[in-house]
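One structure is given below, encoded as structure tokens.
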Amino acid sequence: MDRHGGCRAVSDRVRVVIAEDSVLLREGLTRLLTDRGHDVVAGVGDGEALIKKISELAAENALPDVVVADVRMPPTHTDEGVRAAVRLRKDHPDIGVLVLSQYVEERYATELLAGSSRGVGYLLKDRVAEVREFVDAVVRVARGGTALDPEVVAQLLGRSRKQDVLARLTPREREVLGLMAEGRTNSAIAKQLVVSDGAVEKHVSNIFLKLGLSPSDGDHRRVLAVLTYLNS
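So for the sequence shown, my numbering puts the first residue at 18; every next one is plus one.
In structure tokens form, the structure reads like this:
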């Protein structure tokens, strides 16, 4: 049981590689995750080192479940982290990638989300302080889900060129989609909006219908719904 009162099952354990140039933050993230039963198999300080470490682990048939990487890392502190993340998503699509950023950087978020819908997250660093939500996001991305910061969702979904798409949805459906993009389940959305699970299911079905996502798209329809917005 962790200090927040939650119990963690062994099956929830995930293997993590952390890429963060701040030694203090990297060690803090390592402690935070290991204290909750996860395995941090490596920690590196720049994008090049991240690519090298993943290549080494691949050669050992010991790839991690998820990489947690800062968007900005040495040597230029511009986009090394997200570039490495995009490359990893192409080279190793089974690895989840969760990037952390000090601010919402729209171009980087869009680039990261432009490929496969599996295992991707973009959070502001402030969210790390919300320990349980952060750890849940790491696990969700490791398992192939999504974890998008509410501020990222708000900025990306609010862009003017998406208004024609947004116009298809009612205000409540947009609200539900925003919560879906944060990675929340139907039950969690219902609790947040103080409505029934059935009401949320109806809103989600309407969203899928208006976006042209058929049942044949399977369990990824939730992710595809969000990506349809981000990439339209």
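Even glycine gets a Cβ: it sits at the ideal position worked out from N, Cα and C.
Going along the chain, which residues of its own chain have a beta-carbon closer than 8 Å to the beta-carbon of residue i, five neighbours each way excluded?
i: lysine 227; result: Arg185, Leu186 and Glu190
i: aspartate 166; result: Val121, Tyr139, Leu140, Leu141, Arg144 and Glu199
i: lysine 70; result: Val34, Ala59 and Val61
i: alanine 86; result: Ile35, Ala36, Glu37, Gly64, Leu67, Gly98, Val99, Ala101, Ala102, Val114, Leu115, Val116 and Leu117
DSSP state of residue i, grouped into three classes?
i: threonine 163; result: strand
i: leucine 230; result: coil
i: aspartate 29; result: helix
i: valine 137; result: strand
i: valine 152; result: helix
i: serine 222; result: helix
i: alanine 242; result: helix
i: alanine 146; result: helix
i: alanine 216; result: helix
Could you pull out every residue in the same chain whose Cβ sits closer than 7 Å to the Cβ of residue i, ignoring the five residues on either side in sequence?
i: valine 193; result: Ile206, Val217, His220, Val221 and Ile224
i: arginine 239; result: Met197
What first and last residue would you give for the beta strand (DSSP E) that runs through residue i?
i: leucine 50; result: Element bounds for leucine 50: not the beta strand (DSSP E) but the alpha helix (DSSP H), 40-51.
i: aspartate 56; result: 56-61
i: aspartate 87; result: 83-87
i: leucine 117; result: 113-118
Identify the continuous alpha helix (DSSP H) that holds residue i and give its terminal residues.
i: isoleucine 71; result: 64-76
i: serine 204; result: 203-210
i: valine 1; result: Outside the shown range of the chain (18 to 249) lies residue 1, about which nothing can therefore be said.
i: lysine 107; result: 97-108
Please classify residue i: is it buried, with 16 or more other beta-carbons within 10 angstroms of its beta-carbon, or exposed?
i: threonine 51; result: exposed
i: threonine 163; result: buried
i: leucine 41; result: exposed
i: proline 188; result: exposed
i: aspartate 63; result: buried
i: valine 31; result: buried
i: valine 243; result: buried
Closest Cβ-Cβ distance between residue i and chain D: below 8 Å?
i: glutamate 218; result: No chain D appears in this structure, which consists of one protein chain only.
Cβ contact check for the stretch 92-109 and the stretch 57-76: 3 or more pairs under 8 Å | yes
Would you call the stretch 26-45 and the stretch 89-108 touching, i.e. three or more CB-CB distances under 8 Å?
-> yes
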